[in-house]
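For the sequence shown, the numbering used here assigns the number 1171 to the initial residue and increments by one for each residue that follows.
This report refers to the structure that appears directly beneath it.
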Amino acid sequence: ALYVNGGNFSAQNTVLEGTAGRNNVGAKLSGNINVTQGNLAVTGTIYYRNGDKFTGLLAGSGLNVNVSHGSLNLTGQALAHPDVAGGCVSTPSGNNVVGLNLTNATLSAGNASLKGSSVY
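If you want it as structure tokens, here you go:
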């Protein structure tokens, strides 16, 4: 899993990825994230099982992302753990599986791509 709480990045391309199979969040962003040059891509993937809530990429309340002169790409994926697909574990019920969760986040960029998927 990946947890980023603020930071300054200056690179042609900054790529952050988090994957989890037992935690409930693949990647979590919070605080102030500033990209002074280049692009920022963040991917969070969760392989969910039964039980709790699962989120691929969680952009928490109060998150501020500023990509001054580039593109922002946020991708969240919630995928069934192989045990779920094989019938060994039941899937979570209701709205407990979310690919991308943006709650009270402020995003600023020249170009932005936001993708969330939940696949069983």
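Virtual Cβ for every residue (Gly too), placed ideally from N, Cα, C.
Between His1251 and Tyr1218 the beta-carbon gap is near 6 Å, inside 8 Å, which marks them as a contact.
Inter-residue distance for Lys1223 and Val1174 is about 20 Å (C-alpha atoms, whole angstroms). Its chain contains Ala1171 and Ile1216 as the residues whose beta carbon lies nearer than 8 Å to that of Asn1193, once the 5 sequence neighbours on both sides are disregarded; these appear in chain order. Leu1277: member of the beta strand (DSSP E) spanning Thr1276 to Val1289, first to last residue. Here Gln1247 is buried, its C-beta having at least 16 other C-beta atoms within 10 Å.
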